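A short write-up of the structure that comes next.
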Amino acid sequence: MTENLLLLLTSRGIYCEAGGFYIDPWQPVERAVITHGHSDHARWGHRHYLTALEGERVLRERLGDNADIEAVEYGLPVSMDGVRVSL
């Protein structure tokens with residue numbers, strides 16, 4: 005029996021291959037979904053960040069004005085390569 009796992013634990017963090025993103029990664033990645041602004045979740049070095057509007061200010065303080073941060077309403081689903089994500 006083969007399992008179809010949506011999330012995989014990798015050396016960079018929790019990865020969703022179907023959506024092409026990592027959740028709170030601990031190594032630099034292309035696309036990071038950040039669940040909240042604590043330092044163990046919001047790390048510098050990712051190319052693009054997705055976070056909830058409520059956490060955007062904290063991320064901007066931590067990462068600077070040049071960080072590519074997309075902030076969405078809490079609970080509003082967005083699609084990342086066909087995978088539905090909500091924060």
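In this note's numbering, the protein residues as written are 5 to 91. Ideal placement from N, C-alpha and C gives every residue a C-beta, glycine not left out. Computed from a prediction, not measured in an experiment: that's the story for all the values here.
Inset, instruction - Indicate whether R64 and A71 have their beta-carbon atoms separated by less than 8 Å. - result: By 1-based counting over the sequence shown, the position of residue 64 is 60. By 1-based counting over the sequence shown, the position of residue 71 is 67. Yes, they are a contact pair.
Legend entry - Every unbroken beta strand (DSSP E) inside the segment 43 to 75 [3 residues or more]: 52 to 56
Legend entry - Alpha-carbon to alpha-carbon, L10 and R88: On the sequence shown, residue 88 is found 84 positions in, with the first residue counted as 1. On the sequence shown, residue 10 is found 6 positions in, with the first residue counted as 1. Roughly 12 Å separates the two Cα atoms.
Inset, instruction - For the beta strand (DSSP E) containing I18, list its first residue and its last residue. - result: Residue mapping note: residue 18 aligns to position 14 of the sequence shown, counting from 1. Boundaries of the beta strand (DSSP E) around I18: I18 to C20.
Legend entry - Inter-residue CB distance, L28 and H45 (contact presumed, cutoff 8 Å): Translated into positions along the sequence shown, residue 28 becomes position 24. Translated into positions along the sequence shown, residue 45 becomes position 41. Sequence inspection shows Asp at residue 28; the Leu mentioned does not correspond to that position. Confirmed, about 4 Å.
Legend entry - Sub-8 Å separation of G41 and G24 beta-carbons: Taking the sequence shown and counting its residues from 1, one reaches residue 41 at position 37. Taking the sequence shown and counting its residues from 1, one reaches residue 24 at position 20. No. Outside cutoff.
Inset, instruction - With DSSP as the reference, please indicate the residues paired to Y26 in a beta bridge. - result: Taking the first residue of the sequence shown as 1, we reach residue 26 at position 22. Y26 is bridged to Y19 and A36.
Legend entry - Helix, strand or coil at S90 [DSSP, three-state]: Within the sequence shown, residue 90 is the residue found at index 86, counting from 1. Coil at S90, not helix or strand.
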